[in-house]
Every structure is written in structure tokens, then in C-alpha cells.
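For the sequence shown, our numbering gives the first residue as 3, with consecutive numbering after it.
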Amino acid sequence: MSSAHEKPVWAQSRREKRNAERVAQGLKPRRRIWPWIIVLAIVAAVAAYIFLNPAPAPVETVAAEEPVVVRQIRQSETATLAPATLRETVKVTGTLVPAQLSDVASQASGRVMAVLVRPGDTVNEGDVLAQIDRAALELQLNQQRATASATRAQFESSQQQLERTEQLATQGLASSSVLEQARSATAALQSQLDALQTGVDTAALALDNATVTSPLSGVVASRSVEPGQTIQAGTPLFNVVNLDEMEFQAAASVNSSALVSAGQSASVTVTGLEGQQFTGEVSRVNPVALTGTRTVPIYIELDNSNGALRGGMFATGNITVLEEAGAMAVPSSALREDAEGQFVLVLDGETLIRKPVEVTREWNRGSLIQVSGLAEGDVIVAAALTELQPGERFALVEG
């Protein structure tokens, strides 16, 4: 009996009828071959197409490179290293004063007959500055000498009388009281003569002092006497200074002064003499600070053989308290630090490289750093350009 889904005989194709007969005879129905032939033909066509038209090579995807950043560095922001002499200094300020000065006062009384110099005149030791009237002084000297001469005659006569009295007393012809009176008279005359001789010496000295001379070689800084004046002994007349050596009377802070000692060198600049520098030496340091200012006086000797310096000039000095030659140092702004330690950036070709350094000492209150690890001729980034990093490219520009 046919299954429900089988086609009726009238609806079957010839092939379906033959397969139905074969099934009725116990044989397998024939399968269709042509669909497989079509499939194989399609596969062969595809294979031939692929063989004749090979696929293009895959295009490699190249990642876009990041643009290279070139840092611009001004030449003024770099420094070329070279061994140098490093100095630690103490700054001082003060005034210049002549190392040798003398206030010349009158040593005699009398009328001033002549004044031979004016302020600014150059004088040598012993030159005559002024002349006081000698006539009155000569008269006084002559009077003193005359009085002394008369007293000397009396003294000599008294001595002779004493000798005779002593002889008589030895012979018992003179009493002890007479002998004692002779001795007393002679001693009194001796005292008078000594006093009168002192008066003679004083009058002679006054006569010598009537000629006022310069006690040193130098320049007349001031005069306070005019011809015709009558003066007394002790009256100030002139001020003479020697400008060959000047003393810089400076002051340093209490803390800084502890570093200063005699013999240290100093570099001094003077207001009004810009561009000139003078070298001096510390001669002494005051042991006590000045009340109120809390500064310590420092005295520095300066050579002024060329005469450029004047008393009263204001000056600024730097005293060298520590010095080291042949040292390598970088500005504090050049020193950098990262996790690996301290370093500086060195310009190598067109690349910034990291160069480790070891700090050995700070100079000038930390503005200069003495280091090891760098070589003479190294060009470093001296400015504090924190944006620069090791390995970056750079280009030097003027400025």
C-alpha cells in the first residue's frame, strides 16, 4: 500500500515511475548524478579563477610615527665647563681713610709770621709749613740763659765756700752748724740752677718749634691758621695725610666676621671709580661688635701708590675667606635630581644626555656647586629649564 505522502501515479515523472518499479522489484532507486556534476564544475571553475587571478598581497598597516620634538635652547642658558679658582667671600662696606695722617699743632706761642702751604700742597717730611715770630722767643731764651748763668756763678762760689768750710771743720776751726749752713746754701743753688737750665731748654725748644714743619711726607689736607694770628701752644694748625697707603675702614656682620682674620686678601671697588678694582689685605679685626649696628669693624690696607684713592671715599669689598684652585663647579640652577640621584644635562651633538654628578661643596652661599663627574669642555644646561628631559633633541639659538 502506498504511503500517504506518495504522489498519485498520474502525477509522477518518468524517472519517479522507474524508481517506483525498481523499489517494487526490491532494488534501490537510482540517484541523480547531475547535481554533483554541477557542484564539481563550480568548484573547478572557482579553483581555476583563483589560480589565474591570485589575490594581491596583504597591505601592511604602518603605525604613524610621532613627530620628533626639538627643544630650542638659548646660548645664554648654557655654560662651558673649565677648571676655575673658587672663592668664598665675605662682603663688607665702609670708608677709605689715609693710613698715615697727622694733626699738626703749634708747640710754641706767638704771632704767626708766615704760612707757607695751602690745602692740596704736597710736602716732604721736615718741610716748613709756618713760621712763628722768633724775636720774642729768642728774647725769652736769652733771659733764661742769663739767669741760669748768674745762678751758676753763685753755685760755683757756694761750692768753693763749702769746700773751705769742710777743711776748717776738719781742723776744728768751724762748727758743725756753719758747715751745715754751707751745705744747705750749696744744695739750694744747685736746685735753682737745675730749674733754670730746664727753663733754658724749654725756651730753646720753643724757639725751635717756632718753625712749624711737616711730621711726614704727604699732602696738606687742611689748614686752620693765617698769617698775623697770635696763637698759643697746642693750637691746631694743619692736617697732613700720606695717601700712598689707604686704610679701608669697613664693617661686616657679626656672623660673617667670624670667618675673617688678619692676612686674608680682599678685592675692593670704590664708588666713583667704576671699572677699577683694588687689592688689599686685612690688617686687623675688631674684637667687639659696635653697639646698635651689630657690625664688626674690619681694617683693610690698600696700596695707593698711583694716587687714585682719596680719603672719605665709600667702598665695597669682598674678603676671600676660603679658596680652592682647579675646581669644577656648576650654577645651582643647573643641578637636577631624580630617583637615581643628582645630575646635569649635557649637550651632546643634538641630544640632551643625563650625566650623574657628586656634589663636593657649595660656594658663595649656594650659588655655585662644586661637583665631580664632569669634564673640561662639557657644555651643560645652566638655566633652570625644568621642561627639558634627558634624551630630547635640541637646537641652540642665539640669545
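We put the CB at the ideal spot given by N, CA and C, even for glycine.
Host beta strand (DSSP E) of residue i (start-end)
i, result
"glycine 343", "343-350"
"asparagine 241", "238-255"
"arginine 356", "353-358"
"glycine 112", "112-117"
"glutamate 339", "338-340"
"arginine 225", "220-225"
"valine 399", "395-399"
"valine 381", "381-383"
Neighbourhood of residue i by C-beta distance below 6 angstroms, restricted to the same chain and skipping five residues each side
i, result
"valine 72", "Arg395 and Ala397"
"glutamine 142", "Ala205"
"alanine 22", "none"
"alanine 208", "Ala110 and Leu139"
"leucine 2", "The shown model of the chain, from 3 to 401, leaves out residue 2, and the question about it has no answer."
"serine 259", "Val298"
"leucine 103", "Val243"
"arginine 76", "Val399 and Gly401"
"phenylalanine 280", "Val270 and Leu304"
"leucine 311", "Leu98 and Met248"
"threonine 87", "Ala327"
"arginine 356", "Phe345 and Pro392"
"leucine 349", "Val381"
Beta-ladder partner(s) of residue i, from DSSP
i, result
"arginine 89", "Glu325"
"glutamine 372", "Ala331 and Arg363"
"methionine 315", "In the DSSP output, where bridge partners are listed per residue, methionine 315 has none listed."
"glutamate 283", "Ser267 and Glu303"
"isoleucine 44", "None, per the DSSP bridge assignment."
"glutamine 133", "Ala116 and Thr213"
"serine 104", "Val242"
"glycine 2", "Residue 2 lies beyond the range of the chain shown here (3 to 401); nothing can be said about it."
"arginine 73", "Phe396"
"valine 272", "Ala317"
"threonine 82", "Val381"
"valine 298", "Ala254"
"threonine 232", "Arg113"
"threonine 444", "Absent from the model: residue 444. The displayed extent of the chain is 3 to 401, so no value can be given."
Where the alpha helix (DSSP H) containing residue i begins and where it ends
i, result
"threonine 204", "178-211"
"glutamine 77", "No alpha helix (DSSP H) holds glutamine 77; DSSP gives it neither H nor E."
"alanine 171", "137-173"
Sequence-distant residues of the same chain with beta carbon closer than 8 angstroms to residue i, five excluded per side
i, result
"serine 255", "Arg296, Thr297 and Val298"
"serine 224", "Pro121, Phe240 and Asn241"
"serine 307", "Asp246"
"methionine 3", "Caution applies to methionine 3, whose pLDDT of 44 falls short of 50 and renders its modelled position unreliable; the value that the coordinates give is listed next. Nothing meets the Cβ criterion."
"serine 95", "The question names serine, yet the displayed sequence has threonine at residue 95. Only Ala252, Ala253, Phe316, Ala317, Thr318 and Gly319 meet the Cβ criterion."
"glutamate 228", "Val114 and Val117"
"alanine 150", "Leu195, Leu198, Gln199, Gly201 and Val202"
Among the options, the one whose alpha carbon lies nearest that of residue i
i, options, result
"alanine 212", "Arg312, Leu245, Leu139 and Asp340", "Leu139"
"proline 100", "Ser226, Val373, Gln251 and Ser178", "Gln251"
"glycine 313", "Thr353, Asp246, Ile44 and Ala384", "Asp246"
"glutamine 156", "Ala184, Arg113, Arg338 and Val125", "Ala184"
"aspartate 105", "Pro289, Gly236, Ala176 and Val383", "Gly236"
"glycine 393", "Arg16, Ala26, Ser151 and Val70", "Val70"
"serine 78", "Leu390, Glu389 and Val383", "Val383"
"glutamine 231", "Arg24, Gly112 and Ile355", "Gly112"
"glutamine 133", "Ala86, Ala107, Thr149 and Gln145", "Ala107"
"lysine 93", "Leu292, Gly351, Ala385 and Ser267", "Ser267"
"glycine 201", "Ile44, Gly294 and Arg147", "Arg147"
"glutamine 192", "Thr87, Ser160 and Ser369", "Ser160"
"leucine 387", "Leu347, Gly351, Glu18 and Ser369", "Leu347"
"glycine 309", "Leu261, Leu275, Pro289 and Gly368", "Leu275"
"tyrosine 301", "Gln169, Gly277 and Val262", "Val262"
"isoleucine 321", "Pro289, Val25, Gly282 and Asp340", "Gly282"
Beta-carbon proximity list for residue i, same chain, < 7 angstroms, skipping 5 on both sides
i, result
"alanine 264", "Val284, Ser285, Arg286 and Val287"
"alanine 197", "none"
"aspartate 305", "Glu247"
"threonine 215", "Gly128, Asp129, Val130 and Leu131"
"glutamate 90", "Val323, Leu324, Trp365 and Asn366"
"isoleucine 371", "Ala331, Val332, Ser334, Leu337, Val361 and Glu364"
"phenylalanine 316", "Thr97 and Thr273"
"alanine 6", "Bear in mind that a pLDDT of 44 at alanine 6, under 50, signals an unreliable position, so the model cannot answer this."
"serine 226", "Pro238 and Leu239"
"glycine 1", "For residue 1 there is no data in the structure shown, the boundaries of the chain being 3 and 401."
"alanine 385", "Glu79 and Ser335"
"arginine 136", "Leu209 and Ala212"
"leucine 390", "Arg73, Leu347, Leu354 and Val383"
"glycine 368", "Ser334"
"leucine 164", "Ala184, Arg185 and Thr188"
"valine 180", "Thr167"
Query raised in the report: Does the region 373-393 come close enough to the region 328-335 that 3 or more CB-CB pairs lie under 8 angstroms?
Result: yes
Query raised in the report: Do the region 124-137 and the region 214-234 make contact, defined as three or more Cβ pairs closer than 8 angstroms?
Result: yes
Query - Stretch-stretch touch, CB-based, cutoff 8 angstroms, three pairs: the region 379-392 with the region 77-92 - result: yes
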